[in-house]
Amino acid sequence: MAIPTDTVYGLAVDPSRPGATDRLFELKRRPADFELPVLVATRSQAASLVDASRWGSAAEKLATAFWPGALTLVVARQPGLGWALGGDGVTIGLRCPAHPGVRSLCEAVGPIATTSANLHGRPPCADAASVRRTFGARVALVVDGGICGGSSSTVVDVTGAEPRCLRTGAVAWDDVLAIAAAPAPRSS
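Given below as structure tokens:
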């Protein structure tokens, strides 16, 4: 299915369904070494997908500051999570979007694997008509949410000692660095 988000139109599948992500890679012509990000409704839904022992202070501070929003955090994946998302199988890219419809969908069906609605290497589709022209009947459902004119999300790997920018996007890298470097709030 194709859905509007707070950034761009996305192609979305239930990653727990066998073969669903394989069809998404094929539809988009995306190489399997490019990991699919996962959208979540809440931070608690995200917590069920990550290795809690490796969710560091940078991830915590960035999620607090930018979720919901256009920041994808690459974190250590929950051991045993068998979803075929591509990439190394050790990490997972998570984003809590600032689009209430998408968060409602994630609340109803669980986390969803997504990728921008475009053929790999081409610009994302900005509206439902473009999605239909690009993919035709190969996409079973296109949710028309008007024009999505936003930038793609900024993608930050927080699995190491320092955050690493994997893709620049809607959230400025300087803002990411400032939040990640800020002292953690004190508990009272």
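In terms of the numbering used here, the sequence shown is residues 578 to 765.
Just so you know, even glycine gets a beta-carbon here, dropped at the ideal spot from N, CA and C.
Between the alpha carbons of residue 642 and residue 594 lies a distance of about 32 angstroms. Where residue 621 is concerned, the enclosing alpha helix (DSSP H) starts and stops at 620-624. Classified as exposed, residue 738 has fewer than 16 neighbouring CB atoms from the shown chains inside 10 Å of its CB.
The three-state reading of DSSP puts residue 593 in coil, since its state is none of H, G, I, E or B. Under the Cβ criterion (8 angstroms, minimum of three pairs), the segment 667-685 counts as touching the segment 610-626.
Excluding the 5 residues flanking it on each side, residue 726 has same chain C-beta neighbours closer than 7 angstroms at 703, in chain order. For a cut-off of 8 angstroms, the C-beta gap from residue 721 to residue 661 is around 29 angstroms, too long to register as a contact.
The continuous alpha helix (DSSP H) containing residue 683 extends over residues 677-686. According to DSSP, residue pairing for residue 580 in a beta bridge involves 587. Using a C-beta cut-off of 8 angstroms, the segment 624-633 makes no contact with the segment 711-719, since fewer than three inter-stretch Cβ pairs fall below that distance. If you look at residue 710, you'll find it in the alpha helix (DSSP H) that goes 705-712. Take the alpha-carbon of residue 648 and the one of residue 753: they are about 9 angstroms apart. When DSSP states are grouped into helix, strand and coil, residue 693 belongs to the strand group.
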